[in-house]
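Those protein sequences? They're chains A and B, same order as listed. The first sequence maps to residues 0 to 163 in numbering that gives the first Met the number 0. The second sequence maps to residues 0 to 299 in numbering that gives the first Met the number 0. Even for Gly, the Cβ is constructed at its ideal location relative to N, Cα and C.
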Amino acid sequence: MPAGHGVRSRTRDLFARPFRKKGYIPLTTYLRTYKIGDYVDVKVNGAVHKGMPHKFYHGRTGKVWNITKRAIGVEINKQVGNRIIRKRIHVRVEHVQPSRCSEEFCLRIKKNDQLKAEAKAHGEVISTKRQPEGPKPGFMVEGATLETVTPIPYDVVNDLKGGY
Amino acid sequence: MVFVKAQKTKAYFKRFQVKFKRRRAGKTDYRARIRLINQDKNKYNTPKYRFVVRFTNKNIIAQIVSASIAGDMVMAAAYAHELPRYGLEVGLTNYAAAYCTGLLLARRVLKMLEMDEEYQGNVEATGEDFSVEPAESRRPFRALLDVGLLRTTTGNRVFGALKGALDGGLDIPHSEKRFAGFKKDDKQLDAEAHRKYIFGDHVACYMRVSLMDDEPEKYQSHFSAYLKKGLEADDIEEMYKKVHAAIRADPMPVKSTKEPPKEHKRYNLKKLTYEERKAKLVERLNALNAAEPDDEEDDE
């Protein structure tokens, strides 16, 4: 019999629930709210059969573009041939998690705004740009003693002791 | 000891998946809970309220609850043990008391939201199916009945509480199929029969039967609390009418003053925090260093 290429082919392990996490899914997934423009991760929950995305989208992150009663529309990039298409899929909320990819960015924005406001109050000019880590500063080596190591002449008797 | 092959091996325990904590405790039906809590995503943060009714052996608990990730938030609650304040001292877990508790909760919530003028509900309890009509300015307060783990048979007290809340003015989707007095043969709710249950007439009938006809001693033993308050079979309906009126007059809860609980002596050692443990370690090392003044001791 030839191999099938159905929608859920080769997903035996991918869609399987993790060890000792089968059965009812915890209720926070249902209580989360999403807004258009949020980033979300698509992670299929094999326990819920409705509204499953195709296995390609498992592990992808995209932006929310639509919200319906029980599902969320997510825009995900997919490479098709020589171009990347922005694909729009609808996924039920059980297969979606809020993404933390932009969390660090949002925090940095807030912090920078605060720093800039403070600097403005003082009247000084600051740069909030991130700098890459530079080379380590120079330092003096402390407590170094000099030990001169010279080779000793080859001594046959001593060296052959082990495996003679 | 007889050698018995171990039924539950180590392998069994390693693979055992525990159910959710509240399921292990047998308190929450998650299948029902998921369906009650799930809010349409295009309604965003709009709360979905549940009208929760639970019965204990001596009390009835009615709450309006909305779910959140941090935990369920109770908007308002009414207990059967508050009913003595309105004049109902005995029979705090019967159908009529459930009606009173539901009514109390409904009036309380509406008063909290300042909707109690608009939505009077059904002032005269007739036992017929009553649904709130939407008024002009605000839509009625909507909640969904949450029975918990009860078996929903016809005439269950939880539907007494439901009827109380409906007559109080809440909008709870329901069907009259499970009210006490619904005849399965005609598929009709007998409003008169339901009204009898709301006013405790079923209790009164039983009182009359065991008092007059069958067993006066049983009457003494069963209804001793009623007798102590001087309640006869005929006073019961009047009493409930007064209780309903009292509830509608002043549904707000009374804050009870309690002294702070007594401090108890601590019998076991208090667990130290991370900072405290690290501080203790530094102290011990410093003491060691001071004790033997050797060179090269790092304080790692």
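For this session: Specify, as a first and last residue, the run of the alpha helix (DSSP H) that G163 (chain B) falls within.
Result: 156-167
Problem set entry | Interface residues of chain B facing K68 (chain A) [CB-CB closer than 9 Å] | D39, K40, N41, K42
Exercise. Closer than 7 Å, CB to CB, is E146 (chain A) near chain B or not?
Worked result: no
Problem set entry | Expected contact under 8 Å - CB spacing of L82 (chain B) and V242 (chain B) to nearest Å | 7 Å
For this session: For Q16 (chain B), decide whether its Cβ has a neighbour in chain A, counting only Cβ atoms nearer than 7 Å.
Result: yes
For this session: Give every residue of the same chain whose Cβ lies closer than 8 Å to the Cβ of V51 (chain B), excluding the five residues on either side of it in the sequence, and list them in chain order.
Result: I60, A61, Q62, I63, V64, D145, G147
For this session: Would you list, in sequence order, the uninterrupted alpha helix (DSSP H) runs of no fewer than 4 residues that lie entirely inside the segment 36-72 of chain B?
Result: The qualifying runs do not exist here; there are none.
Exercise. How about G72 (chain A) and W64 (chain A): do their beta carbons lie closer than 7 Å?
Worked result: yes
Problem set entry | CB of V6 (chain A) within 7 Å of CB of G50 (chain A), strictly | no
Exercise. What's the gap between the Cα of V39 (chain A) and the Cα of Y29 (chain A)?
Worked result: 15 Å
Exercise. What separation, rounded to the nearest whole angstrom, lies between the Cα atoms of P136 (chain A) and N288 (chain B)?
Worked result: 33 Å
For this session: Kindly list, in the order they appear in chain A, the residues whose Cβ is closer than 7 Å to that of A66 (chain B).
Result: L30
Exercise. What residue from B:E237, B:T55, B:D166, B:V89 has the CA that sits closest to L109 (chain B)'s CA?
Worked result: B:D166
Exercise. Are the C-beta atoms of Y29 (chain B) and some chain A residue less than 7 Å apart?
Worked result: yes
Exercise. Distance, Cα to Cα, Y196 (chain B) vs L87 (chain B)?
Worked result: 16 Å
Problem set entry | Any C-beta of chain B under 7 Å from that of Y38 (chain A) | no
Exercise. For the alpha helix (DSSP H) that V242 (chain B) lies in, which residues bound it at each end?
Worked result: Segment 234-248, the alpha helix (DSSP H) holding V242 (chain B).
Problem set entry | Reduced DSSP category for C97 (chain A) - H, G, I as helix; E, B as strand; rest coil | Contrary to the premise, residue 97 (chain A) reads as Pro rather than Cys in this sequence. Strand at P97 (chain A).
Exercise. Counting along the chain, where does the beta strand (DSSP E) carrying G142 (chain A) start and finish?
Worked result: Counting along the chain, G142 (chain A) falls outside any beta strand (DSSP E), and DSSP gives it neither H nor E.
For this session: Rounded to whole angstroms, what's the CA-CA distance from E299 (chain B) to L145 (chain A)? Just pull it up for me.
Result: Only weak support is given to the placement of E299 (chain B): the predicted model assigns it a pLDDT of 45, under 50, and the value that follows is read from those uncertain coordinates. Rounded to whole angstroms, E299 (chain B) to L145 (chain A) spans 27 Å at the Cα level.
Exercise. What is the DSSP secondary structure of I33 (chain B), counted as helix, strand or coil?
Worked result: helix
For this session: Tell me whether A289 (chain B) sits in a helix, a strand or coil according to DSSP, three-state version.
Result: helix
Problem set entry | Nonlocal neighbours in the same chain, by C-beta distance under 7 Å from R106 (chain B), ignoring five residues either side | D115, G167, I246, R247, P250
For this session: For my contact list, L26 (chain A) and R32 (chain B) are in at a C-beta cut-off of 8 Å; report their separation, rounded to the angstrom.
Result: 7 Å
For this session: Spell out the partners DSSP gives G61 (chain A) in its beta bridges.
Result: A:V39
Problem set entry | Counted within 10 angstroms of its Cβ, other Cβ atoms place N121 (chain B) as buried (16 or more) or exposed | buried
Exercise. What in chain B is Cβ-close to I71 (chain A), meaning under 9 Å?
Worked result: The contact set of I71 (chain A) on chain B, defined by CB atoms closer than 9 Å, consists of K40 in chain order.
Problem set entry | Rounded separation between D185 (chain B) and A203 (chain B) - CA only | 26 Å
Exercise. Does T60 (chain A) get closer than 7 Å to chain B when you measure Cβ to Cβ?
Worked result: no
Exercise. Does the beta carbon of Y23 (chain A) come closer than 7 Å to any beta carbon on chain B?
Worked result: yes
Problem set entry | Limits of the beta strand (DSSP E) - the one that E74 (chain A) falls within | 70-79
For this session: Using a threshold of 7 Å, state whether the C-beta atoms of A77 (chain B) and T100 (chain B) are closer than that.
Result: yes
For this session: Could you check which residue in A:D112, A:P1, A:D37, A:P134 has the C-alpha nearest to that of S175 (chain A)?
Result: With chain A running from 0 to 163 in the structure shown, residue 175 (chain A) is simply not present.
For this session: Reducing DSSP to helix, strand and coil, say where K182 (chain B) ends up.
Result: strand
Exercise. Going straight from the alpha carbon of F158 (chain B) to that of K68 (chain A), what length do you get?
Worked result: 30 Å
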